[in-house]
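Below: one structure, written as structure tokens.
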Amino acid sequence: MGCDNNMSKLKGQFFRLYVEIDSVFTLLAALRSTTMTLNNEAIDVTDKDGSLWKTLLEGAGVESISIKASGICNNSASFLFIRSSVITGAFINARIESNLNEVYEGAFKITSMESSGEYNKEEIFSLTLDSTDSTVRVISDFRLQIGRASCRERV
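FYI, the numbering for the sequence shown is 12 to 166, going by our numbering.
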């Protein structure tokens, strides 16, 4: 198999993280890098009575989304909101949009935030958000609730 040169490439610039501030989703300012991990924990039910091949329990396990982001520290409203959310430990509503017309939206907790800087460079930060409760995945004009069989039209 070789490289498929006809396949379109996606710009990382359009993989964006938004946070809800005063009921409005606001682009998190000054981000340089954003990563999203979809997790679906497997439950191993292998026992001695089986064929000694791993057996997984269907329809079980914990589903979650983890988001990592890094960028430049500044005094924008979104950065100040993130910093205060870390200090208070509050859940925040966040949305991540990808180039594939997918949007993931839900409640998240910022589980870590780091800031660093060198004497001759900008101050930078990195943060990790972990989902709580159910997260909604939006594709085109439909909302699919992850972890549940329900489907409702996009508002």
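Where a beta carbon is used, it is the ideal one built from N, C-alpha and C, also for glycine. Only a predicted model underlies this, so the values are computations on that prediction, with no experimental measurement involved.
8 Å contact criterion, which residue i and residue j should meet: CB distance rounded
| i | j | result |
| --- | --- | --- |
| residue 133 | residue 83 | 5 Å |
| residue 93 | residue 121 | 7 Å |
| residue 89 | residue 39 | 5 Å |
Boundaries (first-last residue) of the alpha helix (DSSP H) holding residue i
| i | result |
| --- | --- |
| residue 48 | From DSSP, residue 48 is part of no alpha helix (DSSP H) but of the beta strand (DSSP E) over 42-51. |
| residue 78 | Not the alpha helix (DSSP H): residue 78 falls in the beta strand (DSSP E), residues 74-83. |
Three-way DSSP call (helix, strand, coil) for residue i in this model
| i | result |
| --- | --- |
| residue 67 | strand |
| residue 95 | helix |
| residue 101 | coil |
| residue 23 | helix |
| residue 142 | strand |
| residue 34 | coil |
| residue 87 | coil |
| residue 134 | coil |
| residue 159 | Any reading at residue 159 needs caution, since the residue's pLDDT is 41, under 50, leaving its predicted position unreliable; the model's value is listed next. Note: residue 159 maps to coil in three-state DSSP. |
| residue 166 | Caution applies to residue 166, whose pLDDT of 33 falls short of 50 and renders its modelled position unreliable; the model cannot decide the point. |
| residue 28 | strand |
| residue 147 | strand |
Host beta strand (DSSP E) of residue i (start-end)
| i | result |
| --- | --- |
| residue 121 | 113-127 |
| residue 56 | Per DSSP, residue 56 belongs to no beta strand (DSSP E) and is neither H nor E. |
Chain C within 9 Å of residue i, Cβ atoms only
| i | result |
| --- | --- |
| residue 59 | Going by chain labels, chain C is absent from the structure shown, which holds only one protein chain. |
Below 8 Å, can you find three or more Cβ-Cβ pairs linking the stretch 94-104 to the stretch 71-81? no
Can you confirm whether the stretch 114-123 touches the stretch 133-146 when touching is taken to mean that 3 or more C-beta pairs between the two stretches lie within less than 8 Å? yes
Are at least three pairs of beta-carbons, each pair with one atom in the stretch 102-113 and one in the stretch 53-64, less than 8 Å apart? no
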